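Taking this note's numbering as reference, the numbering of the sequence shown is continuous, increasing by one, and the terminal residue is 224.
Every residue gets a Cβ at the ideal spot worked out from N, C-alpha and C, and that includes glycine.
Source: prediction; values computed, not measured.
The structure appears right after this line, and notes come after that.
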Amino acid sequence: MKLVLIGAPAAGKGTQARKLIEKYHLAYISTGDMLREEVAKGTELGLKVKSIMASGSLVSDDLIIAIVKERIKADDCKNGFILDGFPRTVVQAEKLDELIGSVDTTIYIKCPDDVLLKRITARQTCPKCGATYNKISVPSKVAGICDVCGTKLVQRKDDTIEAGKARLATFHQQSEPLVAYYKAQGKLFEVDGLMGLDNITKAIFARLGE
Ligand code: ADP
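So, in C-alpha cells, the structure goes:
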C-alpha cells in the first residue's frame with residue numbers, strides 16, 4: 015500500500031501516520047523529520063535548509079525529490095509506505111507518479127486555519143523519536159517529557175505564530191492544489207480534521223479496509 019497524507023501544518027498528519035504504520039506495517043517517510051534530522055546533525059544539506067524551514071517556506075522541489083527518490087528505494091519500503099509532507103507541490107506529485115506509478119490513496123485531513131494556528135503554537139515535539147503532543151489537547155503524561163522515549167520535549171523553531179501563519183499561507187498557495195490533483199485521479203479521501211483523533215483514525219481504517 016502506497017499512501018500519501020496531505021493537510022496543513024498541525025492538521026494531525028503525523029499522529030495519524032503513526033496509527034497507520036502500526037496497523038498496516040508500512041514504512042513511514044516524513045520529509046519534515048528527515049530535513050530536521052539533517053539540520054540537527056549540521057550537515058551541508060541541513061545548513062542549506064535551516065533558514066528556509068524556520069521561515070515557513072518550502073525547500074526546492076529538486077532537492078526534496080532527490081531525497082525521496084533515494085528513500086523509497088530502501089528495503090523497508092518494499093511492503094509499502096506512507097508519505098507525510100511529500101508531495102507538497104503539484105510538481106512533486108507528478109514526479110512521484112513518475113517514480114512509483116501511482117499512489118493507492120491520498121488522505122487529506124481538512125482543518126480550518128484558526129484551529130491550526132492554535133494547535134501549532136501549543137505543539138510540543140520529541141527531538142528524538144518525533145512523537146508530537148499538544149499542551150492543550152493531547153498533553154504528554156508527564157509535562158514536557160515524551161511518553162514514548164522519555165526525552166525532553168521541545169517546541170519546533172517553526173511552531174511560532176509568525177512562521178505558523180507563513181506555513182499556512184504556503185500550504186494554501188502551493189499544496190492545496192494537490193487536493194484537485196488527486197481528486198482527478200480518483201485517489202482522494204477527505205476526512206474532517208475536527209472530529210477527534212480516534213474518529214479520524216476509524217474513518218481512515220474504514221476507507222482502507224482491515
Ligand atoms: P508541517 O508541520 O508544516 O506539516 P513538516 O514537518 O512536514 O511540517 O515540514 C517542515 C518544513 O520542512 C516545511 O515547512 C518545509 O520547509 C520543509 N519541507 C518538508 N517537506 C517538504 C517538501 N515536500 N517540499 C518542500 N519543503 C518541504
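When the Cα of residue i is compared with those of the options, which residue comes out closest?
i, options, result
"A136", "H39, I175 and D98", "I175"
"Y195", "S154, E112, V168 and E108", "E108"
"Q106", "G46, I78 and D98", "I78"
"V168", "P153, V162 and G158", "G158"
"T119", "T45, E36 and L192", "L192"
"G144", "C163, K92 and L97", "C163"
"E51", "C140, C160 and P153", "C140"
Compute every distance between the C-beta of residue i and the non-hydrogen atoms of the ligand ADP, then say whether any falls below 8 angstroms.
i, result
"I35", "no"
"L72", "yes"
"P23", "yes"
"R32", "no"
"R85", "no"
"Q199", "no"
"I150", "no"
"V168", "no"
Rounded to whole angstroms, how far is the Cβ of residue i from the Cβ of residue j, which I believe are closer than 8 angstroms?
i, j, result
"I121", "I86", "Contact flag wrong, Cβ pair sits at about 18 angstroms."
"K149", "T165", "Going by Cβ atoms, the distance from K149 to T165 rounds to 17 angstroms, so no, they are not a contact pair."
"G207", "G21", "7 angstroms"
Secondary structure at residue i, three-state DSSP: helix, strand or coil?
i, result
"E108", "helix"
"A198", "helix"
"L222", "helix"
"I81", "helix"
"E190", "coil"
"A24", "coil"
"D172", "coil"
Go to residue i, then tell me how far its beta strand (DSSP E) extends in each direction, as first and last residue.
i, result
"R137", "R137 to T139"
"A68", "Where A68 is concerned, there is no enclosing beta strand (DSSP E), although the alpha helix (DSSP H) it sits in stretches over E58 to S69."
"I20", "K16 to I20"
"I159", "Segment: none, I159 is in no beta strand (DSSP E) and carries neither H nor E."
"L97", "F95 to D98"
"K124", "T119 to K124"
"T146", "T146 to N148"
What span of residues does the alpha helix (DSSP H) with residue i cover, start to end?
i, result
"K55", "T45 to K55"
"L34", "K27 to Y38"
"K179", "I175 to T184"
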